[in-house]
Structures are given as structure tokens and as C-alpha cells.
Amino acid sequence: MSTQVSVEPILAFKDNYIWCLVNSATKHCILVDPGEARPALAFLKNTHYTLDAILITHHHWDHTNGVKALLRTYSVPVYGPAKETVLGVTQPVDEGDTFHIEGWPLNFKVLATPGHTLGHIAYYAEGMLFCGDTLFSAGCGRLFEGTADQMLASLNKLAHLPGDTQLYCGHEYTLANLHFAQMIEPENSQIKERLEKVREFRQSNLPSLPNTLENERKINPFLRCEQIRIADRIEKHHGRRLTSPVEIFAYLRQWKNNYK
Ligand SMILES: [Zn+2]
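Numbering of the sequence shown is given in the numbering used here, commencing with residue 243 and proceeding in unit increments.
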């Protein structure tokens with residue numbers, strides 16, 4: 243990661259993160275998924291950072307509702323998914339697009355990650371991944387619009403990024419996700435270790451994010467559907483033989499939907 247760029251969390255609603263990229267040389271910043279204007283505006287006022295751009299991963303209100311109010315104060319480009327309608331987007335982008343924001347030592351690469359929504363995109367830059375509601379730490383987004391096939395392909399695409407990639411997800415869901423992951427893989431010591439760490443973070447009110455992709459590959463059941471033990475457990479739970487990775491993924495997602 244560029245030492246000149248850091249990322250700060252702004253908490254919105256109950257568990258949303260508005261990620262703020264900060265250029266330490268210029269004190270300029272970029273906001274990702276400002277779902278709520280009030281905390282974003284307060285943060286910008288307190289830090290005196292100059293807003294350069296807004297990035298949007300998908301159309302859900304809890305990722306986009308703050309855009310309108312921010313644009314009343316700041317005249318900045320808004321990057322967003324070309325396949326979705328998001329109020330305020332000036333730079334529609336999709337799979338394979340790259341862009342550069344003036345004054346920043348970063349090149350953003352756009353990855354299409356349909357599944358949670360049909361036009362969902364993720365932004366990758368210098369070892370940082372802003373993946374919205376596609377990939378969470380120890381979990382993945384719900385299938386609101388896409389198919390299991392699409393979501394699995396999106397997760398596989400993200401899983402192939404370099405292992406040291408830092409994941410900046412749209413929500414603080416890690417603790418609940420880890421409880422599910424531990425139920426699926428009770429013998430996995432990496433899950434236990436991460437659970438202990440995340441408990442400490444959350445007790446101190448600190449984000450559990452970012453996490454590295456390398457660690458996610460070890461703890462996230464949705465990136466580990468091909469593991470025999472996991473597949474066996476899902477087959478037993480659902481009482482049927484599952485024959486393809488996408489079936490295994492679909493039943494795991496369904497299990498998580500009903501897990502309390
Ligand atoms: Zn969403």
C-alpha cells in the first residue's frame with residue numbers, strides 16, 4: 243500500500259462503514275459508500291480534509307443516501323456502477339475500467355461483482371479492496387438480486403487478488419459471521435484465533451476491518467466451499483447430496499440466512 247494513503251472508518255447507521263481514503267501529503271480524501279450524510283459531513287468538518295471524489299459500490303440506500311447532501315457542499319465526481327441507477331453518479335464504471343483521481347498516487351481498477359445486487363462493483367487500488375456488500379470478513383453478502391452462480395463467481399474473482407490485499411467491507415458483521423464460521427468448521431484454529439482478536443477489537447469499539455485476503459481464505463467458509471469437511475457438513479445439514487461447488491455455496495448461503 244502507498245504509505246502516502248491511509249484509510250479511516252466513519253461509522254454510519256448501526257454497522258455501516260463509510261471508508262475514507264486520506265492522502266497524507268495533501269490532506270485530500272475520497273469517500274466510499276456514504277450512506278449517511280451527517281457523520282460524513284461531521285468527519286470532513288472536524289478533519290478539514292478536502293473531498294476529491296465519492297466511490298459507490300451498489301445502489302442500496304445505506305450505501306448511497308448521503309451522496310445528495312454531500313454534493314450540496316462539495317462539487318466532486320461520483321464514481322458508481324454503470325449497470326445501476328444511483329442518484330448523483332457522474333462517472334459510471336464497470337468491469338475492467340481503470341481510473342485515476344488527480345493528485346492521488348493510486349490507480350483504481352473496477353471489478354464487476356454481481357450477486358448481492360446485479361450491478362455491484364468493487365474498487366481495487368494498491369493492495370486495498372473496497373468490496374461493499376459482496377465479501378465480508380468471514381462472510382458474504384445476501385443474494386438480493388443475483389444468483390448463487392453469479393455470487394460465487396464474484397467471490398472467486400476477489401479471492402484471486404494478491405493475499406496481502408486489505409479488505410474494506412461495507413459492514414461490521416465480522417463477529418456474527420465468525421460464530422457461523424466456527425459452527426461450520428469447529429476444528430479450524432485460524433477461526434478461533436480471529437474470533438479472539440475480533441472480540442477484543444469490538445470490546446474496545448474498534449473496527450474488525452480491514453483484514454487480509456490471505457487470512458480470509460483460511461477463515462471465510464464462503465471462500466472455502468471446496469473443502470471436503472465443509473461440503474460434508476453442508477450435505478449432512480441439508481440431508482442431500484450436493485454435486486457442484488455452486489450448489490454447495492447456495493446451501494451454505496441459505497444455512498447462514500436462517501442461522502441465529
Ligand atoms: Zn447492500
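Glycine included, C-beta positions come from ideal geometry on N, C-alpha and C.
Nearest to residue i (by Cα), restricted to the options the options
{"i": "residue 300", "options": "354, 455, 281 and 247", "result": "354"}
{"i": "residue 420", "options": "447, 462 and 455", "result": "462"}
{"i": "residue 343", "options": "248, 365, 295 and 470", "result": "295"}
{"i": "residue 362", "options": "352, 432 and 494", "result": "352"}
{"i": "residue 312", "options": "324, 321, 323 and 293", "result": "293"}
{"i": "residue 346", "options": "328, 332 and 367", "result": "367"}
{"i": "residue 379", "options": "492, 454 and 482", "result": "454"}
{"i": "residue 319", "options": "327, 297 and 337", "result": "297"}
{"i": "residue 276", "options": "491, 306, 418 and 396", "result": "306"}
{"i": "residue 364", "options": "385, 386, 381 and 340", "result": "340"}
Check: residue i C-beta below 7 Å from any heavy atom of ligand 1
{"i": "residue 257", "result": "no"}
{"i": "residue 480", "result": "no"}
Residue i vs residue j beta-carbon contact at 8 Å
{"i": "residue 390", "j": "residue 488", "result": "yes"}
{"i": "residue 452", "j": "residue 414", "result": "no"}
{"i": "residue 408", "j": "residue 371", "result": "yes"}
{"i": "residue 283", "j": "residue 272", "result": "no"}
{"i": "residue 411", "j": "residue 373", "result": "yes"}
{"i": "residue 258", "j": "residue 304", "result": "yes"}
{"i": "residue 376", "j": "residue 405", "result": "no"}
{"i": "residue 321", "j": "residue 309", "result": "no"}
{"i": "residue 458", "j": "residue 465", "result": "yes"}
Residues bridged to residue i [DSSP beta-bridge criterion]
{"i": "residue 370", "result": "367 and 408"}
{"i": "residue 341", "result": "350"}
{"i": "residue 429", "result": "According to DSSP, which records beta bridges pairwise, residue 429 is partnered with nothing at all."}
{"i": "residue 443", "result": "Answer is none; residue 443 lacks a bridge partner."}
{"i": "residue 295", "result": "272"}
{"i": "residue 382", "result": "377"}
{"i": "residue 250", "result": "262"}
{"i": "residue 413", "result": "258"}
{"i": "residue 510", "result": "One cannot answer for residue 510 here, as it falls past the ends of the chain, which runs 243 to 502."}
{"i": "residue 454", "result": "408"}
Cutoff 8 Å: residue i Cβ touching any chain D Cβ
{"i": "residue 364", "result": "This model lacks chain D altogether, as it is built from one protein chain only."}
Nearest-residue set for ligand 1, Cβ under 5 Å from any heavy atom: 302 and 375
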